[in-house]
Amino acid sequence: MRQLELRLGLVLYGGVSLAIYMHGVTRELLNLQRASHALHQLRRDRERGVESDVALEGSAKSYFDLLESFGPQLDLRVVIDAISGASAGGVNAIMLARALAHDLPLKHHSDLWLSLADVDKLANETSGVSKHAKRVLAPILDKLLVFLGTDVPQNKETRTKLRDFISSRWFTPPFSGERYSGWLVDACRAMNEEDRGETLIPYGQRLELFVTLTDFHGVLRRIALHDPEFIEELDHRRIVKFNAIHRVSSGLHSQMSAECIPDLVFAARATSSFPGAFPPMSAEEMDGVLERQGLEWSGREAFLTNVLHANCDAEGERIFIDGSLVMNKPFEPLISSIAQRPAAREVVRRLLYLDPLPFSHRDVPSEPESPGFFKSIFASLAHIPRNEPIGDELQEIEQINMKVRRIQEVAEAALPMVRHEVRLLLEKHGSLPETEGDFSVVRQGAELAAMEQSGFANAGYLQLRLGHLAHRVVLLISELSGTQQEGCVEKGEEVALWSWESVEEVVVNALTFSKEEEGEAQRDQAKILRELKSLDVDYRIRQLRFLIEQINKFYHHEEIAGSVEFARHLDVFKRELYGQIANLRSRWSEEFYGTETIYLATLLKEASPQLETVRKVLGVLSLRMGLSDLDKLTDSIVFEGVGKLGDLKAAQGILEGYIGFPFFDTSMFPVQQALDAFELRKIEVGRISPKDAQLLCPGGVDLKGAQLQMFGAFFNRGWREHDYLWGRLNAAERLVRLLRDVYHQCHGSAQRIAPGDDMNLRAIFLDILDEEEAHLEDHEELVEACREKVDEVFSKGC
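The letter at position 455 of the sequence shown is residue 454 when you use numbering that gives the first Met the number 0, and the numbering goes up by one with no holes.
Now the structure itself:
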């Protein structure tokens, strides 16, 4: 069975009360990964001869059935490994990430959105004569709303709440930030009651969360120039990052645990502090909320200093407002995050962005009017940031995909020549090396032969490897030494910017000359290669990933496709190679090294480290990495894996891929190092929005919360229920279509299931409706109407 991992990166936009629709979408994303996790666990237990039960609820059961139906051709695993969000999307991103990291439910947040996200509960109390006076002015204020581009709704509940809202105190934020923060804390604590110490993050992988904030005062950043030497600017954009890493050796290390609730709630409250609606967020507010609930903020100082840069403002604490003002569509941190990711199987990468109010040509008036005073102000706060185009981000993704295609084209072009050279090397040992020792000799001979035959191009290739390795080593040394660049300048003090660039030059020199040849001007390429082999982790990772790509090509080969035994052997073979990749990647992690290595790394914090000191550190690193031992283990894995394939053509092809990699890398690495990505997979982009899922509602769904300048859902519970339910239904349709597309792309099946005939999708729709029927107080008729629509659409397949 071909094993495939569908990696999802999520971008969640801002949208005020459209957060409720987005919450419905995140419920389905969580259910999909939970179903995939359960299926993976079940199959792993079966391999060990253990029968286990699957306990899933709601739509997760039907996602499980859909993924299981892809077998025996495809074992598809779904992993959400990166999420970014701004404003309303930032709140949902935080809660989804926490649920994924600790296998927690989101139902408590459903209660928050449906029951508490109401203007009557959010608004501050009003009193005095002004309250009655403003009600007298209500008809005039209705006109004001029209000037803002907002129609006064005819719904009685909404109209009443809107009048009450208008009667609240003017020129102060109408919504209570402290009440909102308290609800977020309550919802997070309620999640903990179902914490069983599990995680949905696969072994060896990490989940990254990015949330955008707007620092009201900004931090002073120093930027190096030629003349003047530097300039100083205020930076108001802050991207807060949280990590959860599931290490094979030490379990889950999470910044989304119960102890981190104050950090997460602070970020959620700050990113959604819509100007004028909520007061700005501060540490003082968070302290007050936690004190009233009897909770401690154990990581307060570290969070304020390292994340919020509180030490950069000598006059007072930092103040934060809505993150969508500086980045409403946070693609940038996500693209940077997914460039380098470990994997335990073949990967397909998708980037999904959630846009609750997609742009349409109908949104552009035929005869645009000049905006008035209030409309200009509101547009600058909400409409313009929300409609910021994403063309630049999508173009960057296309550039990545173009580089991936180039690397694949280079490899294909070099393949005939490499096969010829490898066969010449193998002639000395027969068709296959007979022992592991012979196998290692052939591999090492291929490295020297590739260097000799590449001619003058080899000098440039080695220089690229030297530079890349030096950079990676310096980053590791920087991490080991505890050096952190704050990225800001404290007021009233001059802070020197310290750079590792000079250290990189010394590292290159240390790798170039041996101790006996210090001071010589000539560089021996063979000796450089020997030095590289002692530390070049990334070369080995590239080699194993390339080998895995060659193995993947043989799944559809006639020799393998008809044999369950051989296909299963390829699965096990790849799993062992991915295990080696995990071992190699650990060499770039601080946790791998002991106190001696960390102490030596601190010696390089000097302004001008000596060559001898650098060599000493590199020697200890080389000894600690033990790459020669890992090479022997890799040779053993490949020798055994190829040997079990016997005389199959796959055995020869895989062997040529492994031994011939030095030839490939000479031509591929100059292109690949510019991409700086190890997955070497295209990133395909998809959207989830009310306009994209049209099976149940042709033409798309009009969200109720889009009214009243996207505040509409705060004025009517029925509107909130409507948007939440359609969020779940829209997401289900889009996710099932995504899974089907991935299956057909990988399996190559010509027969596709029409959406109206997809019984798995029908089951998911009914699961959602059954689950929500008891919870939606004001929309029983909506649930029934959707159920009738499901029966109508899928009547052909019944």
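Note that CB positions come from ideal geometry on N, CA and C, so glycine has one too.
For residue 33, which of 463, 102, 551 and 334 has the nearest alpha-carbon? 102
Use the C-beta contact count for residue 598: other C-beta atoms within 10 angstroms, 16 or more gives buried, fewer gives exposed. exposed
Cβ separation of residue 509 and residue 614, assumed to be a contact under 8 Å, to the nearest whole Å: 5 Å
Uninterrupted alpha helix (DSSP H) stretches inside the region 643-667 (no shorter than 4 residues): 648-658
How about residue 270 and residue 184: do their beta carbons lie closer than 8 Å? no
What do you get for residue 91, buried or exposed, if any count of 16 or more other CB atoms within 10 angstroms of its CB means buried? buried
Determine the DSSP secondary structure at residue 426, reduced to helix, strand or coil. coil
Taking 7 Å as the limit between beta carbons, can you name the residues of its chain near residue 470, skipping five residues before and five after? 503
How about the region 211-218 and the region 228-244: do they share at least three Cβ pairs that are nearer than 8 Å? yes
Quick check on this structure: which residue in 15, 46 and 73 has the alpha carbon closest to the alpha carbon of residue 345? 73
In DSSP terms, what residue 7 is bridged to: 79 and 349
Using CA atoms only, rank isn't needed, just tell me which of 262, 320 and 276 is closest to residue 306. 262
Would you decide whether residue 225 is buried or exposed? Buried here means 16 or more other CB atoms lie within 10 Å of its CB. exposed
Same chain only: Cβ atoms within 6 Å of residue 641, ignoring 5 sequence neighbours per side: 650, 653 and 654
Residue 66 and residue 114 - do their beta-carbons sit closer together than 8 Å? no
Just reading off the beta strand (DSSP E) that residue 248 is part of, what are its end residues? Looking at the DSSP string, residue 248 is not in any beta strand (DSSP E), and its letter there is neither H nor E.
With DSSP run on the structure shown, which of helix, strand or coil describes residue 0? coil
Measuring only the C-alpha atoms, how far is residue 60 from residue 448? 55 Å
Need the endpoints of the alpha helix (DSSP H) that residue 217 sits in, please. No alpha helix (DSSP H) holds residue 217; the beta strand (DSSP E) holding it covers 205-223.
Is the Cβ-Cβ distance between residue 77 and residue 5 less than 8 Å? yes
For residue 682, report the span of its beta strand (DSSP E) as first-last. 682-687
Count the other CB atoms, across all protein chains shown, that sit within 10 Å of the CB of residue 656; report buried if there are 16 or more and exposed otherwise. buried
Which residue spans inside the region 231-288 form an unbroken beta strand (DSSP E) run of at least 3? 250-253
May I have the straight-line CA-CA distance separating residue 637 from residue 572, to the nearest angstrom? 8 Å
Within 8 Å, strictly: CB atoms of residue 321 and residue 83: no
Please identify the residue among 241, 397 and 272 whose C-alpha is closest to the C-alpha of residue 800. This structure cannot settle anything about residue 800, because the visible part of the chain is limited to 0 through 797.
Please go through the same chain and pick out, in chain order, the residues whose beta-carbon is closer than 7 Å to the beta-carbon of residue 741, but skip the five residues on each side of it. 5, 75 and 347
Output yes or no for whether 8 Å exceeds the beta carbon distance between residue 318 and residue 281. yes
C-alpha distance - residue 334 paired with residue 405, whole-angstrom precision: 19 Å
Using the Cα positions of residue 313 and residue 473, report the straight-line distance between them to the nearest angstrom. Residue placement at residue 313 cannot be trusted, given a pLDDT of 45 that sits under 50; the coordinates are not used to answer.
Could I get the ranges of all uninterrupted alpha helix (DSSP H) runs contained in the region 78-109, with 4 residues as the minimum, in chain order? 87-101
Does DSSP put residue 710 in a helix, in a strand, or in coil? coil
Go ahead and pull the three-state DSSP assignment for residue 752. coil
Three-state secondary structure (DSSP) of residue 318: coil
Roughly how many angstroms separate the alpha carbons of residue 722 and residue 178, rounded to a whole number? 23 Å
Find the nearest neighbour of residue 79 within the set 97, 644, 610 and 689, judged by alpha-carbon distance. 97
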